[in-house]
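Everything below concerns the one structure shown next.
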Amino acid sequence: MRTDLLKSARRIVVKLGTGVLTDSQKRPELPQMRQLVAQVAGLRKQGREVVIITSGAVGSGMGELGLGQRPADLATLQACAAVGQSQLMATYEKLFKRHKLSVAQVLLTHEDLEDHTRHFNARATLKRLLELGVIPIINENDAVSTTELKFGDNDRLSALTATLLSADLLFILTTVDGVIDHFGEPDARRIPLIECITQSVENLAGGTQSATAVGGMKTKIIAARIAVRAGIPLVIASGRNTRVLKDVISGKDEGTLFLPDKRGLTARQRWIAFFNRPAGKLEVDQGAKQALLDRPTSLLLAGVKRVGDFSKGDVVSVCDAKGKEFARGVVRHSGSDIRARQVSHPVIIHRDHLVVL
Ligand code: GLU
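Written out as structure tokens, the structure is:
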């Protein structure tokens with residue numbers, strides 16, 4: 000099963016974290032980038048399509064500008080990213096040329112993926128690049144956007160890109176061997192397989208101690224949730240291992256494999272679940288929650304408890320009595336109409352436009 004899933008992967012997204020691309024001086028670490036580029040070139044030679052999500056722009060910029068500490072203010076951080084990004088791309092271009100491969104820089108913001116037209120434009124461009132045999136190298140557009148600077152080291156961006164492109168496999172390459180139980184303790188142990196992201200899996204994830212990287216395991220688990228729910232297997236593994244991509248794909252027990260969710264999602268449901276910022280919240284009772292979890296069904300007015308402010312047609316978060324979001328969907332009525340119970344039809348969210356997360 001593990002082997003089939005990985006061996007047959009045709010379109011692969013590989014995310015390279017800051018820690019695997021830069022050295023202790025925060026400069027692009029050449030031998031390390033060389034070996035990662037060789038690994039990606041190896042996948043291309045097997046006829047697979049590869050998209051790289053690169054971090055390391057802030058780290059490289061810090062090195063170039065002689066900053067030992069990660070800047071505390073956003074403007075300096077963004078300036079570092081702008082300086083580091085061109086350095087990184089120059090390095091990638093040179094290294095891939097040796098393998099006779101062309102690269103393309105694509106800088107994205109989360110807003111690009113949320114806006115319907117820009118989302119499909121980005122997808123069309125990336126697909127065309129892949130058809131042309133080019134390796135797209137994507138980073139967040141850190142000079143103007145702050146999502147990953149604040150929340151993660153491109154982890155979420157990598158899962159969203161894999162979803163956008165309906166990738167067959169996502170690699171998050173980092174400085175650790177995978178998800179580690181008892182991290183930093185003598186009985187530390189790599190977890191080879193995660194079939195379901197439970198609360199205890201979430202509890203394994205701590206923040207990062209690194210001076211450059213901001214993500215740590217927490218944002219990787221958030222990324223894993225997106226990829227897995229979109230039906231894409233994800234492997235978190237060490238980017239310091241010079242054979243990691245090949246070994247994992249051939250079925251060797253490396254890193255941590257997250258199995259994809261079997262429920263599957265239509266393109267429309269992926270859009271609702273991951274690329275929209277919910278406009279408001281709807282709280283439902285336990286009976287309605289259970290019904291939605293049990294089978295594909297519509298949310299009816301009777302199960303709705305508390306209602307936020309949103310307009311008809313918005314994507315909203317569906318939460319349980321504890322306020323925990325468990326689904327998202329497109330509402331058929333505005334928040335004020337639902338609150339006033341003034342709806343022409345009892346269906347609040349139709350099942351075709353509702354996704355249990
Ligand atoms: N996109 C950022 C980079 O390439 C993320 C890492 C960070 O915030 O340090 O550097």
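Here numbering that gives the first Met the number 0 is used: the first residue of the sequence shown is 0, the next is one more, and so on. Positions of the beta carbon are idealized from the N, C-alpha and C atoms, including for glycine.
For residue j and residue i, the rounded distance between their alpha carbons
i: Q208; j: L128; result: Reliability of the predicted coordinates at Q208 is poor, the pLDDT of 48 falling under 50, and no value is obtained from them.
i: N140; j: V355; result: 30 Å
i: F257; j: V342; result: 42 Å
i: A161; j: I347; result: 31 Å
i: S23; j: V57; result: 13 Å
i: L299; j: V50; result: 42 Å
i: S237; j: E28; result: 15 Å
i: D111; j: F119; result: 9 Å
i: R117; j: R188; result: 42 Å
i: I225; j: A339; result: 35 Å
i: I52; j: K311; result: 36 Å
i: G41; j: D308; result: 51 Å
i: R1; j: G254; result: 13 Å
i: D252; j: D246; result: 8 Å
i: H349; j: D319; result: 18 Å
i: Q84; j: K25; result: 13 Å
i: R331; j: L291; result: 17 Å
i: T21; j: E184; result: 26 Å
C-beta contact flag for residue i and residue j at 8 Å
i: L5; j: G250; result: yes
i: F273; j: L159; result: yes
i: E130; j: N275; result: no
i: D154; j: K219; result: yes
i: P345; j: V315; result: no
i: I271; j: V329; result: yes
i: Q86; j: S59; result: yes
i: R47; j: A8; result: yes
i: L163; j: V13; result: no
i: V105; j: I136; result: yes
i: L156; j: L107; result: yes
Residue i beta carbon near the ligand GLU (any heavy atom closer than 7 Å)
i: G302; result: no
i: S85; result: no
i: T173; result: no
i: N153; result: yes
i: A80; result: yes
i: A74; result: no
i: T17; result: yes
i: S54; result: yes
i: E139; result: yes
i: L107; result: no
i: L35; result: no
i: L112; result: no
i: G58; result: yes
i: L64; result: no
i: L148; result: yes
Is there contact here, the segment 162–182 with the segment 91–100, by at least three beta-carbon pairs under 8 Å? no
Report yes or no: do three or more beta-carbon pairs, one from the segment 8–28 and one from the segment 95–105, lie closer than 8 Å? no
Should the segment 188–200 be regarded as contacting the segment 129–149, the criterion being three or more beta carbon pairs within less than 8 Å? no
Any 3 or more C-beta pairs closer than 8 Å across the segment 270–282 and the segment 302–309: yes
The segment 58–77 in contact with the segment 163–170 per 3-pair CB rule at 8 Å: no
Sufficient close CB pairs (3 or more, under 8 Å) joining the segment 225–239 to the segment 254–270: yes
Taking 8 Å as the threshold, find out whether the segment 28–35 comes into contact with the segment 66–79 through three or more Cβ pairs. no
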